[in-house]
Amino acid sequence: VMKDYTDVVPISVKISTAQKKKLDELSSRLNRSQSELVREAIMALLGVYYGTATKDALAETLDKGVARRKH
Numbered sequence: 001v002m003k004d005y006t007d008v009v010p011i012s013v014k015i016s017t018a019q020k021k022k023l024d025e026l027s028s029r030l031n032r033s034q035s036e037l038v039r040e041a042i043m044a045l046l047g048v049y050y051g052t053a054t055k056d057a058l059a060e061t062l063d064k065g066v067a068r069r070k071h
C-alpha cells in the first residue's frame with residue numbers, strides 16, 4: 001500500500017561523502033529511493049524523540065519497510 005505523500009517539506013541535507021556512499025548502498029540494496037529512506041528515518045526519529053513511538057515500534061517499522069521490499 002503506497003502512502004499518499006502529497007505535502008512537501010523542502011529540505012536540503014548536507015552529508016559527507018562516506019554518508020552519501022552508505023545512502024547509495026542502502027538505496028540500492030533495499031530497492032528504495034533515497035528520499036524515501038531519509039523521510040522514514042526523519043519521521044521515525046521524531047516519533048521516538050517526541051514520544052509518539054517507542055524504540056520497539058521504530059524497529060518494527062524498519063523491519064516492515066525492509067520486508068515489504070523483499071516480497
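With full-length UniProt numbering as the guide, the letters of the sequence shown map in order to residues 1 to 71.
Cβ atoms here follow ideal geometry from the backbone N, Cα and C, with glycine treated the same way.
Computed from a predicted model, the values in this text were never measured in an experiment.
Runs of the alpha helix (DSSP H) lying entirely within the region 12 to 64, each at least 4 residues long, are 17 to 30, 34 to 49 in chain order.
When Tyr-5, Asp-7, Leu-26, Ser-35 are compared, the shortest CA-CA separation from Val-13 is found for Ser-35. When Lys-22, Arg-32, Ile-11 are compared, the shortest CA-CA separation from Ile-42 is found for Ile-11.
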